[in-house]
Amino acid sequence: MLPRLRLRHSQLPICNTTQYICWQCRHASLATTPAPPIEQTIAAVSPISRYPPTQPPSHKPPEFRKSQLNRHYQSLLRSSPLIILFQHNNIKATEWTGIRRELAQALRKVDEDLAKEGDNSYISGGMKLQIVQTGIFESALKVVEFWDPKRASKPPATHPTDPMTASSEAIDQSVPDKRSPAFTHGLSHTAWLAAAHRKNKHLRHGLEPLLSGPLALLTMPHVSPQYLKAALSILAPQAPNFAAPKRRTNPSYYEKPVQDGLQKLLLLGARVEGQVFDMEGARWVGGIEGGMTGLRAQLVAMLSGLGAQVTSTLEAASRSLYLTVEGRRGMLEEEAKGGKAEAGEAAQAGSKKPAV
Numbered sequence: 001m002l003p004r005l006r007l008r009h010s011q012l013p014i015c016n017t018t019q020y021i022c023w024q025c026r027h028a029s030l031a032t033t034p035a036p037p038i039e040q041t042i043a044a045v046s047p048i049s050r051y052p053p054t055q056p057p058s059h060k061p062p063e064f065r066k067s068q069l070n071r072h073y074q075s076l077l078r079s080s081p082l083i084i085l086f087q088h089n090n091i092k093a094t095e096w097t098g099i100r101r102e103l104a105q106a107l108r109k110v111d112e113d114l115a116k117e118g119d120n121s122y123i124s125g126g127m128k129l130q131i132v133q134t135g136i137f138e139s140a141l142k143v144v145e146f147w148d149p150k151r152a153s154k155p156p157a158t159h160p161t162d163p164m165t166a167s168s169e170a171i172d173q174s175v176p177d178k179r180s181p182a183f184t185h186g187l188s189h190t191a192w193l194a195a196a197h198r199k200n201k202h203l204r205h206g207l208e209p210l211l212s213g214p215l216a217l218l219t220m221p222h223v224s225p226q227y228l229k230a231a232l233s234i235l236a237p238q239a240p241n242f243a244a245p246k247r248r249t250n251p252s253y254y255e256k257p258v259q260d261g262l263q264k265l266l267l268l269g270a271r272v273e274g275q276v277f278d279m280e281g282a283r284w285v286g287g288i289e290g291g292m293t294g295l296r297a298q299l300v301a302m303l304s305g306l307g308a309q310v311t312s313t314l315e316a317a318s319r320s321l322y323l324t325v326e327g328r329r330g331m332l333e334e335e336a337k338g339g340k341a342e343a344g345e346a347a348q349a350g351s352k353k354p355a356v
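Take the sequence shown: its letters are residues 1 to 356, numbered as in full-length UniProt numbering.
Right under this line is the structure:
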């Protein structure tokens with residue numbers, strides 16, 4: 001290995017280094033702040049929101065699964081005018097899969113039949129069979145039935161921290177109180193207080209006898225007797241109006257997992273447009289001939305018949321009076337004509353007598 005030689009500083013090569021200058025920052029000292037807009041000078045500044053707009057303060061912690069289920073059930077009750085309640089007893093996952101498959105197949109067939117008649121609504125995609133937790137569902141049902149967010153008390157309009165109010169009062173920068181009446185969502189303290197208030201203890205939503213044990217719901221986005229009849233023919237068949245499909249036309253319906261699951265599924269009732277129906281009432285809704293169009297036609301025919309009956313009843317007295325007066329008038333005219341004829345005959349008989 002060659003020995004290392006130490007060089008002197010005077011013999012080292014000279015490197016020409018230049019200082020870096022940021023041309024974008026050289027005029028930073030000359031920057032100025034623009035003037036505020038005129039709206040900010042004549043009106044109060046909006047208070048800073050201390051919570052995200054999609055997650056306002058709530059009575060129950062929103063990060064818990066129970067709170068989200070409560071919120072989901074409230075949305076389900078408000079968006080589904082027709083809900084069918086079933087009780088399920090230890091149905092396996094494979095059995096649920098077979099039941100949902102047969103239900104979807106029957107509903108698609110109704111879509112095709114209605115499409116041939118000109119109805120292209122195709123609401124089978126919005127129908128869903130799902131399992132719910134009974135206790136949380138009952139709590140959500142109380143909120144939906146006994147509390148209306150449109151009628152909730154509103155905060156005063158002249159609050160000093162309102163952006164529309166020109167006030168110099170200091171704005172509280174802390175997190176707002178969750179009990180404030182300004183929050184009117186389903187998980188708010190106002191909604192919970194309205195559902196749990198003592199004055200609502202005596203109120204009944206009608207589903208108290210059915211909300212016990214494991215529950216499953218069939219939700220529909222629209223009230224349609226045709227779809228309800230097809231669903232009941234699969235989930236709760238009953239001859240002759242709700243007969244199950246024949247083995248020749250639908251052999252998969254008679255598979256063992258499907259039949260075992262249907263034996264563990266029991267129809268309890270229905271909630272139609274806020275009204276509670278039992279099993280017979282649910283089947284009555286599904287048995288309406290012609291669907292909602294047929295029901296409207298029956299209603300129009302019934303109202304037309306009642307109107308005609310009322311009109312004939314009101315016209316009966318005046319009609320009988322008119323007939324009586326006209327009959328009496330004809331009798332008087334005939335009597336008058338008969339009297340004139342007798343007077344004429346008497347006059348003629350008097351003129352024919354010989355003079356004495």
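For every residue, glycine included, the Cβ atom is placed at its ideal position computed from N, Cα and C.
Using the beta-carbon count (16 or more within 10 Å), is residue i buried or exposed?
i, result
"A106", "buried"
"V310", "exposed"
"T54", "exposed"
"K246", "exposed"
"L323", "exposed"
"M331", "exposed"
"G338", "exposed"
"Q173", "Only weak support is given to the placement of Q173: the predicted model assigns it a pLDDT of 49, under 50, and the value that follows is read from those uncertain coordinates. By the 10 Å Cβ count, Q173 comes out exposed."
Report all residues from its chain with a CB closer than 8 Å to the CB of residue i; omit the five preceding and five following residues, and keep chain order.
i, result
"residue 375", "Past the edges of the chain, shown from 1 to 356, lies residue 375, and the structure says nothing about it."
"residue 367", "A query on residue 367 cannot be resolved here, the shown segment of the chain reaching from 1 to 356 and no further."
"S212", "T134"
"A244", "S233, I234, P237, Y253"
"P52", "none"
"A104", "S124"
What do you reckon, are the CB atoms on residue i and residue j nearer than 8 Å?
i, j, result
"H59", "W147", "no"
"L69", "L141", "no"
"S80", "P225", "no"
"M124", "Y254", "In the sequence on display, residue 124 carries Ser and not Met. The answer is no: Cβ separation not under 8 Å."
"H72", "P214", "no"
"E117", "V258", "no"
"V144", "L77", "yes"
"L85", "G281", "no"
Give the straight-line distance between the Cα atoms of residue i and residue j, rounded to the nearest whole angstrom.
i, j, result
"S75", "Q133", "15 Å"
"R108", "P56", "40 Å"
"A308", "E315", "10 Å"
"S318", "A194", "57 Å"
"S267", "A216", "Here the sequence assigns Leu to residue 267, which means Ser is not the residue at that position. Those two C-alpha atoms are separated by around 10 Å."
"R204", "L114", "38 Å"
"T249", "I234", "13 Å"
"P34", "H185", "40 Å"
"I131", "E39", "53 Å"
"N120", "V300", "25 Å"
"S67", "K256", "38 Å"
"I136", "R65", "11 Å"
"Y122", "E112", "8 Å"
"L218", "V276", "15 Å"
"G286", "S312", "36 Å"
"A336", "R329", "10 Å"
"M127", "P37", "52 Å"
"L129", "P62", "25 Å"
"G305", "A297", "12 Å"
"D278", "S320", "49 Å"
"T293", "M302", "14 Å"
"G274", "P209", "16 Å"
"Q263", "T97", "15 Å"
"A93", "A196", "36 Å"
"P251", "L265", "20 Å"
Under 6 Å Cβ to Cβ from residue i, same chain only, skipping five residues before and after it: list those, please.
i, result
"L295", "I288"
"G261", "I91, E95, I99"
"A236", "L267"
"L82", "M220, V223, V272"
"E333", "none"
"E138", "L211"
Compare the C-beta of residue i with all C-beta atoms of chain D and state if any pair is closer than 8 Å.
i, result
"K229", "Annotation note: the requested chain D is absent from the structure, which comprises a single protein chain."
**Item:** Sequence ranges, alpha helix (DSSP H) only - wholly within the region 60–87, length at least 4
**Value:** Taken in chain order, the whole alpha helix (DSSP H) runs of length 4 or more contained in the region 60–87 are 65–79.
**Request:** For the region 203–260, list the beta strand (DSSP E) runs that are entirely contained and at least 3 residues long, ordered along the chain.
**Result:** The qualifying runs are 215–220.
**Message:** At 3 residues or longer, what runs of the beta strand (DSSP E) sit wholly inside the region 259–341?
**Reply:** Within the region 259–341, the runs of beta strand (DSSP E) that reach at least 3 residues and sit entirely inside it are, in chain order, 265–272, 275–277.
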